[in-house]
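A.B. asks: To convert, count from 1 in the sequence shown and add 35; that's this note's numbering.
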Amino acid sequence: MFGSLIAGLNNCLITHALRTEPLICNNCVNTFWNTAKVNRRGTNGAGAIEAMVQKKEVIVTDVVIHEVLKFRDQPHFPTSFEQSRVLAALRRMSYERSYPTVLKKLFLPYWRLLVHIFLQCIAENMGGYDQLNKTQTCALVALVNEWDYKFSAFIFDNMKKMLEHSKKTIFMLYPRFIQMILDQKHPEFIKGPNYVNLKPLGPSCFENAYRFKRAKQHNFIGKFPLEKHGRFSDVVPVVPVVPTPQPMNAQIAEEHDVQQVQ
36 MFGSLIAGLN
46 NCLITHALRT
56 EPLICNNCVN
66 TFWNTAKVNR
76 RGTNGAGAIE
86 AMVQKKEVIV
96 TDVVIHEVLK
106 FRDQPHFPTS
116 FEQSRVLAAL
126 RRMSYERSYP
136 TVLKKLFLPY
146 WRLLVHIFLQ
156 CIAENMGGYD
166 QLNKTQTCAL
176 VALVNEWDYK
186 FSAFIFDNMK
196 KMLEHSKKTI
206 FMLYPRFIQM
216 ILDQKHPEFI
226 KGPNYVNLKP
236 LGPSCFENAY
246 RFKRAKQHNF
256 IGKFPLEKHG
266 RFSDVVPVVP
276 VVPTPQPMNA
286 QIAEEHDVQQ
296 VQ
């Protein structure tokens with residue numbers, strides 16, 4: 036059932052960000068967030084996040100995120116869509132409730148697993164992976180339907196919001212992404228003995244789909260049937276066969292016309 040979903044995740048707009056598993060140094064990532072500040076006068080007016088790690092300045096912008104995480108987006112891509120367009124995309128994903136607040140449990144299991152992976156890997160939630168806000172929903176439907184969407188700005192804006200939040204609650208947001216940036220931009224950093232152990236994005240992600248499979252389940256059954264579409268459809272693209280070019284007026288010799296030279 037989930038084969039096409041896994042295939043889609045292996046070849047989507049954010050595949051590199053999902054699959055890369057750097058060795059996360061707890062000290063480096065913690066130091067980054069504890070010293071990080073938002074500079075609104077940063078590059079191209081979008082601002083920048085500046086931090087000090089091992090007495091060296093680390094600057095993170097949406098351009099840096101685009102480069103390191105290898106998002107396939109462009110500077111002019113949007114980060115939001117009209118409500119009617121998003122709602123139509125949700126309906127096609129068999130979601131039948133209200134919007135903008137979207138509940139994960141009201142998706143069919145196929146799309147629910149994708150929502151779970153998205154919330155775990157890309158969203159900025161400190162806890163509670165049961166619902167998506169308006170911005171997260173736009174990013175999700177863009178991922179499914181391969182719409183133009185600026186994922187680098189999505190990640191960067193989430194980082195800035197946490198740093199500028201009135202409650203000043205700082206936690207290790209996006210530890211994999213931060214470590215990837217540090218590894219590429221500052222390979223000279225010395226990693227300490229303490230590392231963060233994160234579960235890889237592998238078969239363990241599907242444990243909940245098969246847990247208690249013999250027990251009686253009360254799963255959500257919507258009124259819309261499952262339709263796999265977009266990047267996560269069952270349709271395998273057909274590669275056209277290009278004929279081998281032949282010289283003009285050429286004749287292909289038959290087997291009986293070929294004489295062996297003694």
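The beta carbon of each residue, even a glycine, is placed where N, CA and C say it ideally should be. Small disclaimer: the values here were computed from a predicted structure and weren't measured.
1. Determine which residues share a DSSP beta bridge with M128 and list them.
2. Apart from the five residues on each side of it in sequence, which residues of its chain come closer than 8 angstroms, Cβ to Cβ, to V99?
3. At what residues does the alpha helix (DSSP H) containing I190 begin and finish?
4. Measure the beta-carbon distance from C63 to F224 and round it to whole angstroms, keeping in mind my assumption that it falls under 8 angstroms.
5. In the DSSP output, what is Y209 paired with across the bridge?
6. Can you grab the Cα-Cα spacing for the pair E92 / L167, in whole Å?
7. If you run the structure through DSSP and keep just helix, strand and coil, what is E102?
8. Please list the terminal residues of the continuous beta strand (DSSP E) segment that includes K169.
9. Have a look at K72 and L154 and give me their C-alpha separation to the nearest angstrom.
10. With contact counted as at least three CB pairs below 8 angstroms, one residue from each stretch, are the stretch 50-65 and the stretch 104-112 in contact?
11. According to the neighbour-count rule (16 or more other Cβ atoms, all chains shown, within 10 Å of its Cβ), is N74 buried or exposed?
12. Going by other Cβ atoms of all chains shown within 10 Å of its Cβ, with 16 needed for buried, is H101 buried or exposed?
13. Classify Y134 as helix, strand or coil using the three-state DSSP reduction.
14. Please name the residue or residues paired with A123 in a DSSP beta bridge.
C.D. replies: Walking through what the data contain:
1. Per DSSP, none; premise fails for M128.
2. So the qualifying residues of the chain are I216 and K220.
3. Note, I190: alpha helix (DSSP H), F186 to E199.
4. Contact check for C63 and F224: beta-carbon distance about 6 angstroms, within the 8 angstroms limit, so the pair qualifies.
5. According to DSSP, which records beta bridges pairwise, Y209 is partnered with nothing at all.
6. Approximately 34 angstroms between the Cα atoms of the pair.
7. Helix.
8. Premise fails: K169 lies in the alpha helix (DSSP H), K169 to N180, not in any beta strand (DSSP E).
9. C-alpha separation (whole angstroms): 25 angstroms.
10. Yes, the stretch 50-65 touches the stretch 104-112.
11. It counts as exposed.
12. Here H101 is buried, its C-beta having at least 16 other C-beta atoms within 10 Å.
13. Coil.
14. According to DSSP, A123 bridges with nothing at all.
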